[in-house]
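Have a look at the structure below before the remarks.
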Amino acid sequence: MSDVKKHSDFFESVWLTVREIPRGRVTSYGAIAKYLGAPRSSRMVGYAMNASHSASVEVPAHRVVNRNGVLTGKHHFPDLLEMEQKLEKEGVRVEDDKVIEFEKLFWDPMKELSME
DNA sequence: AAGTTGACCCCGA
DNA sequence: TTCGGGGCCAACT
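Numbering follows the UniProt record's numbering, with no gaps: position 58 of the first sequence is 58.
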């Protein structure tokens, strides 16, 4: 096995989870952290997103917002409006940097992935 | 090796 | 209601 792994398993787990978010849905950092068994490590989820550019796979980071449904990570995209535009493209309405009807579009990995 | 940072979250004033 | 501070934990410098 070659040393292809450049990041912790936690990061990879986050990326894999984020990839499971359906199109047109959103979730929060805390929800992912909780799903991964680290409810106190929500900040690490954001950190993993920051490092997602290093991932070999594409990570739909735009589908991850904070618990308020606010696009807190928009400033980390190449373009300031990229996150918002991607969400709008998927049918997620965004207004004033926050997802409209966030609770309605919220996708909980705990709920959706725990039982198949 | 030790201190700082951060795409968060919770709570009190 | 808005604002500020503390906790959290792994990566980064």
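Beta carbons are placed, not taken as given, at the ideal position from N, Cα and C, and that holds for glycine.
Alpha-carbon spacing of D3 relative to A33, whole angstroms: Low per-residue confidence applies at D3: pLDDT is 35, beneath 50, and the placement is therefore not dependable, though the value from the model is reported in the following sentence. Approximately 26 Å, taken between the alpha carbons.
Buried versus exposed call for residue 117 [16 or more other C-beta atoms within 10 Å across all chains shown]: Nothing can be reported for residue 117, as the shown portion of the chain is limited to 1 through 116.
Local conformation of S41 per DSSP, three classes: coil
Test item: CB-CB of V70 and A48 under 8 Å: no
C-alpha distance - E88 paired with R67, whole-angstrom precision: 19 Å
Residue closest to E90, alpha-carbon to alpha-carbon, out of H62, E103 and L80: H62
8 Å contact criterion, which L109 and A31 should meet: CB distance rounded: Checking the sequence, you will find Pro at residue 109 rather than Leu. Contact holds; Cβ gap of about 6 Å.
Option in V26, E20 and L16 with minimal Cα separation from M83: V26
From Y29, F10 and E101, residue whose alpha carbon lies closest to that of S42: Y29
Sequence-distant residues of the same chain with beta carbon closer than 8 Å to F102, five excluded per side: V26, V65, N68 and G69
Proximity winner among R19, P78, H75 and Y35, relative to S56 (alpha-carbon distances): R19
Same chain only: Cβ atoms within 8 Å of K74, ignoring 5 sequence neighbours per side: L80, L81, E82, M83, E84 and D97
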